[in-house]
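Participant:
Numbering (the numbering used here), first residue to last: 731 to 1107.
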């Protein structure tokens, strides 16, 4: 149970309201108050809220339900951003977009009227909730494994069949492909791969918001694939080839947005997540090597994404495994450290350089000779 912190200063700001956090992140501005409905607030969403500079977060749901140890709320609290939790779904109707709010203690106020009341979380209370969730992981792991096994039989065609591939103008055959998802540590890993991207010039494939990640890192995506629900208009207009992910049966959620913007696209119908079919498309188009950044592979990451199993990802990775390099965490391999021997070598090099200069420069020789005579008499 959350404890009310002793020092909870009031926060005033304009409200931005959205049931889906990733949609809200596309328009929220620094100093505004995020009104969301996000049970088990995930790490990527929390990092997005922090980077956006929000003044406070008001969550209609519980940010930590106890199903699994999600760290998103801990990041919010550690950043010093007030988090009022579990205020109830009515807040999404009570609060208007752009309305001036005051968040004080565990209340959300407007014009002196209390619109919603929840639990004002603290870093300590959230740590207790996450620790309790860790103890309950066994049951969630069993459910996750059961769901994964149940879907494996339904989606086994991903491993055995060749899908109907869309015609692309981007040449992939025989080239390296870098698939970027806006997932865990994607910024750091992209930075660590800077030399690789410069030297090998891989085809840059972005999955939805991964296109914004590439632009942010100074790269232009060649291909963007997904539902296009968490990507900026700037990224959509970057000149990349657009591939709409259609699910079995033809439902293609991203097509409506692209039609509205008048942007051309092709459709790729396949089961699984958008990042699954991005890997599958690169493989089937004849990529020599696939390097993946920010992709989801662990149970916690899938639960963060709201998925109760990982059958399609398991099958796709079995298929593309021979040419897949998962670069998750690669930045940790290249963290530079200054060793004592490096400092000794640097000092010795400087000393040798000075002695050489002294030996060849007459003014310096005269100067040091004078110093020598001064001390030796």
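Glycine is no exception: its CB is placed at the ideal position from the N, C-alpha and C atoms.
(1) In whole angstroms, give me the CA-to-CA distance for residue 971 and residue 1001.
(2) Nearest-angstrom Cα distance between residue 761 and residue 852?
(3) Should the stretch 1038-1058 be called in touch with the stretch 1005-1023, which here means at least 3 C-beta pairs below 8 Å?
(4) Locate the beta strand (DSSP E) running through residue 1015, then write down its first and last residues.
(5) Just to confirm before moving on: does the CB-CB distance between residue 965 and residue 941 stay below 8 Å?
(6) Skipping 5 residues on each side, what residues in its chain have a beta carbon closer than 8 Å to that of residue 945?
(7) Quick one: Cα of residue 781 to Cα of residue 806, how far?
(8) Anyone know if the C-beta pair for residue 943 and residue 974 falls short of 8 Å?
(9) Which of the three DSSP states is assigned to residue 869 in this structure?
(10) Counting only runs of 3+ residues fully inside the stretch 786-833, write out the beta strand (DSSP E) ranges in chain order.
(11) Could you name the residues that DSSP lists as bridge partners for residue 975?
(12) Give the secondary structure of residue 837 by DSSP, where H, G and I count as helix, E and B as strand, and everything else as coil.
(13) Out of 960, 959 and 1004, which one is the CA nearest neighbour of residue 978?
(14) With three or more beta-carbon pairs closer than 8 Å as the criterion, would you say the stretch 853-867 touches the stretch 797-805?
(15) Check this for me: beta carbons of residue 1020 and residue 1054, under 8 Å apart or not?
(16) What did DSSP end up calling residue 898 once you bin it into helix, strand or coil?
(17) Compute the Euclidean distance between the alpha carbons of residue 828 and residue 821, then round it to the nearest angstrom.
(18) In three-state terms, what does DSSP make of residue 1056?
(19) Out of 788, 802, 823 and 1017, point me to the one whose CA is closest to residue 832's CA.
(20) Would you identify the three-state DSSP class for residue 949, choosing helix, strand or coil?
(21) The alpha helix (DSSP H) spanning residue 990 covers which residue range?
(22) Return the chain-ordered list of same chain residues with a C-beta closer than 6 Å to the C-beta of residue 936, the five sequence neighbours on each side being excluded.
(23) Whole angstroms is fine: what's the gap from residue 948's alpha carbon to residue 913's?
(24) Check this for me: beta carbons of residue 1120 and residue 1023, under 8 Å apart or not?
(25) Could you check which residue in 907, 938, 790 and 1016 has the C-alpha nearest to that of residue 927?
(26) Looking only at C-alpha atoms, which of 855, 997, 986 and 791 sits nearest to residue 848?
(27) Put residue 1041 into one of helix, strand or coil per three-state DSSP.
(28) Between the C-alpha atoms of residue 896 and residue 839, what's the straight-line distance to the nearest angstrom?
(29) Along the chain, where does the beta strand (DSSP E) that runs through residue 784 open and close?
(30) Tell me the rounded alpha-carbon separation between residue 929 and residue 904.
(31) Among the residues of its own chain, which have a CB less than 7 Å from the CB of residue 824, if the five just before and after it don't count?
(32) Considering only the alpha carbon of each residue, which of 884, 987, 758 and 857 lies closest to residue 804?
(33) Mind checking whether residue 870 and residue 1041 have CB atoms under 8 Å apart?
(34) May I ask you to report which of helix, strand or coil DSSP gives residue 854?
(35) Quick one, which of 778, 818 and 994 has its alpha-carbon nearest residue 809's?
(36) DSSP on residue 955, reduced to helix/strand/coil?
Facilitator: Taking the definition as stated:
(1) The straight-line gap from Cα to Cα measures roughly 21 Å.
(2) Straight-line Cα distance between these residues: approximately 20 Å.
(3) Taking a contact to require three or more Cβ pairs closer than 8 Å, the stretch 1038-1058 and the stretch 1005-1023 qualify as touching.
(4) Counted as a single uninterrupted DSSP element, the stretch harbouring residue 1015 is not any beta strand (DSSP E), since DSSP gives it neither H nor E.
(5) Their beta carbons are under 8 Å apart, which means residue 965 touches residue 941 by this criterion.
(6) The beta carbon of residue 945 sits closer than 8 Å to those of 951, 964, 965 and 968, all from its chain and outside the five residues before and after it, given in chain order.
(7) Cα to Cα, residue 781 sits roughly 10 Å from residue 806.
(8) Not a contact, by the Cβ cut-off of 8 Å.
(9) Residue state, collapsed to three classes: helix.
(10) Counting only runs of 3 or more, we get 786-789 and 813-815.
(11) Bridge partners of residue 975: 998.
(12) Residue 837 carries a strand assignment under DSSP once its states are collapsed to helix, strand and coil.
(13) Per the Cα distances, 1004.
(14) These segments touch.
(15) Cβ atoms of residue 1020 and residue 1054: closer than 8 Å.
(16) Coil, per DSSP.
(17) Each residue's Cα considered, the two are about 14 Å apart.
(18) For residue 1056, the secondary structure class from DSSP, reduced to helix, strand or coil, is strand.
(19) Among 788, 802, 823 and 1017, the Cα nearest to that of residue 832 belongs to 788.
(20) DSSP places residue 949 in coil when its eight states are reduced to three.
(21) Boundaries of the alpha helix (DSSP H) around residue 990: 985-991.
(22) Excluding residues within five positions, the ones whose Cβ falls inside 6 Å are 910, 944, 951 and 954.
(23) Taking the straight line joining both Cα atoms gives about 18 Å.
(24) In this structure the chain extends from 731 to 1107, so residue 1120 is not present and cannot be described.
(25) With respect to the C-alpha of residue 927, the residue from 907, 938, 790 and 1016 having the closest C-alpha is 907.
(26) Checked all of 855, 997, 986 and 791; the closest Cα to residue 848 is 791.
(27) Reduced to three states, the DSSP call for residue 1041 is helix.
(28) So the two alpha carbons sit approximately 52 Å from each other.
(29) No beta strand (DSSP E) contains residue 784, which DSSP labels as neither H nor E.
(30) A direct Cα-Cα distance of roughly 16 Å separates residue 929 from residue 904.
(31) Cβ neighbours of residue 824 beyond the five flanking positions: 845 and 846.
(32) Nearest C-alpha to residue 804: 857.
(33) No, they are not a contact pair.
(34) Under the three-state reduction of DSSP output, residue 854 falls in the helix class.
(35) With distances taken between Cα atoms, residue 809 lies closest to 778.
(36) In the three-state scheme derived from DSSP, where H, G and I count as helix and E and B as strand, residue 955 is classed as strand.
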